[in-house]
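Peer 1:
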Amino acid sequence: MSKRFKPKYNIKKGDLVIVISGAGKPRKDDSGKYEYKPRLVKEVLVEDGKVLVEGINIKTKHTKPSAQNTKGGIVKTEAPIHISNVMLWDAKAKAPSKIKRVREEGKTLRIFKKSGEKI
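If you count by the working numbering, then the sequence shown holds residues 25 to 143, one letter each, in order.
#1: What three-state label does DSSP hand Ile44 in the structure shown?
#2: Exposed or buried, which one is Phe29 when buried takes at least 16 other CB atoms within 10 Å?
#3: Would you decide whether Val75 is buried or exposed? Buried here means 16 or more other CB atoms lie within 10 Å of its CB.
#4: Could you check the C-alpha separation between Gly135 and Asp114 for me, to the nearest Å?
#5: Tell me, which residues are paired with Val65 by DSSP?
#6: Which one or two residues does DSSP pair with Thr101 in a beta bridge?
#7: Hey, out of Lys116, Ala91, Ser90 and Gly96, whose CA is closest to Thr84's CA?
#8: Could you have a look at Ile107 and say whether DSSP puts it in helix, strand or coil?
#9: Please report whether the beta-carbon of Gly96 lies at a distance below 8 Å from any beta-carbon of chain C.
#10: If Glu102 sits next to Val77, beta carbons under 8 Å apart, how far is it from one beta carbon to the other, in whole angstroms?
Here you go:
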């Protein structure tokens, strides 16, 4: 990424998202419909273009005993995934949706394209 301009993303910390690619993507049930599981965004890493999503891309790390951690053992942590692999969850439409930005009274609002609801 270029250091000249700071990119703007539609996803912010605390948003509900759907992972659309990779191991956490939605699967079809018996009737052929997708089963979506919205997940919370813990952190957005703007410089890297990545997001930290709750319960996705879990990595295990083996740690030695130290002064802070006297037991050591296996620690599971979430690793960031690329921001293009997630899509915002529209609760009204019960589906992932794209976003449009609208300026109202000097503030920028994010609005779902499917339902027209404000975030």
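C-beta atoms are modelled at their ideal positions from N, C-alpha and C, and glycine is treated no differently.
As the structure is a computational prediction, the values presented were derived from the model and not from experiment.
Peer 2: According to the structure data:
#1: Reading the sequence shown from its first residue, position 20 is the one you call residue 44. DSSP places Ile44 in coil when its eight states are reduced to three.
#2: For the purposes of this step, residue 29 is taken as the residue at position 5 of the sequence shown. The residue in question, Phe29, is exposed, as its Cβ has fewer than 16 Cβ neighbours within 10 Å.
#3: Position 51 of the sequence shown holds residue 75. By the 10 Å Cβ count, Val75 comes out buried.
#4: Within the sequence shown, residue 135 is the residue found at index 111, counting from 1. Within the sequence shown, residue 114 is the residue found at index 90, counting from 1. Rather than Gly, the amino acid found at residue 135 in this sequence is Ile. So the alpha carbons of these two residues sit roughly 10 Å apart.
#5: Taking the first residue of the sequence shown as position 1, residue 65 is located at position 41. Bridge partners of Val65: Val77.
#6: Position 77 of the sequence shown holds residue 101. Per DSSP, Lys83.
#7: Looking up residue 84 in the sequence shown gives position 60. For the residues Lys116, Ala91, Ser90 and Gly96, the minimum Cα distance to Thr84 belongs to Gly96.
#8: Along the sequence shown, one-based indexing puts residue 107 at 83. In this structure, Ile107 counts as helix in the three-state DSSP scheme.
#9: As a matter of chain content, chain C is missing from the structure shown, which is built from one protein chain.
#10: Start at 1 with the first residue of the sequence shown, and residue 102 comes out as number 78. Start at 1 with the first residue of the sequence shown, and residue 77 comes out as number 53. Rounded, the Cβ-Cβ distance is 7 Å, consistent with contact.
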